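For what it's worth, the working numbering labels the leading residue of the sequence shown as 375, then goes sequentially.
C-beta atoms are modelled at their ideal positions from N, C-alpha and C, and glycine is treated no differently.
Every value quoted in this text rests on a predicted model; they were computed, and no experiment measured them.
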Amino acid sequence: MQGGDLNCNATNCSHNFDRQCKAGSINVGGQNAMSISGTNCTTFIDRAESSFVNSLDAVDTDVYNIRCEAYKCVHNENKACYADKVQIDAQNACCDSFRCE
Ligand code: SF4
């Protein structure tokens with residue numbers, strides 16, 4: 375079943391409020407990813423480089439709101455994510471929950 379928790383440590387993203395993603399939906403890239411470092415959240419907006427400000431009451435993002443290109447991940451099925459929990463990394467906004475098939 376799909377619908378785990380999304381937790382995001384990229385606190386420098388404009389969508390991030392207290393480690394909760396308020397983008398509503400996100401895209402994770404990494405078509406050729408064989409490891410965590412090959413993935414990244416492409417919805418990430420660097421707070422320091424953008425005037426975009428998301429609203430605190432915007433929609434929470436859950437795992438079923440993820441569209442993911444990292445098809446070699448065991449949790450990926452037709453670009454949907456079926457992980458129980460997804461953790462986005464602080465450094466490069468990569469997906470720490472990626473596990474290669
Ligand atoms: S856990 Fe796997 S399928 Fe889910 S977002 Fe991360 S890389 Fe994509």
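Asked: Proximity below 8 Å, CB of Thr416 to CB of Asn406; Found: no
Asked: Cβ-based neighbour list, Asp436, same chain, cut-off 8 Å, excluding 5 preceding and 5 following; Found: Gly377, Gly378, Asp379, Leu380
Asked: Inter-residue Cα distance where the pair is Val482 and Ser388; Found: Absent from the model: residue 482. The displayed extent of the chain is 375 to 475, so no value can be given.
Asked: Identity of the residue in Ala422, Gly403, Asn450 nearest Asn390 by Cα; Found: Ala422
Asked: Thr413, buried or exposed, once every other Cβ within 10 Å from all chains shown has been counted against 16; Found: buried
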